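Residue numbers for the sequence shown follow my numbering, beginning at 26 and rising by one.
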Amino acid sequence: MATLTIRGLDEQVRDRLRVQAATHGRSMEAEARAILSEAVASPVERSLVDIMIAMREALEGEGLELPSRADEVRDPFA
């Protein structure tokens, strides 16, 4: 097995990892292995629609406002 050293890890991340590991009943090292293994197990393929839905949800209504349909349509080539 390989060894991986992670330098510069934020203390808050370490603390959250410790809590998560305890919740799952394993050591921090075992928790980190599980997280890394799951993260690289299989790439998640997302469709364009999935990405657009995620973007819309992330904006939570703060996206571009749609113009009123009552507004006059302007000719983009004029």
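Just so it is clear, CB atoms sit at the ideal spot from N, CA and C, and this is done for glycine as well. Source: prediction; values computed, not measured.
Closer than 7 Å by C-beta to residue 40: which residues in its own chain qualify, once you throw out the five before and the five after it? Chain order, please. Cβ neighbours of residue 40 within its own chain (closer than 7 Å, five residues either side excluded): none.
Sequence-distant residues of its chain with Cβ nearer than 8 Å to residue 66 (five each side left out): none
DSSP state of residue 77 mapped onto helix, strand, coil: helix
Taking residue 27 as the reference, give the member of 54, 48, 46 with the closest Cα. 54
Going by C-alpha to C-alpha distance, which of 52, 76, 57, 78 sits closest to residue 34? 57
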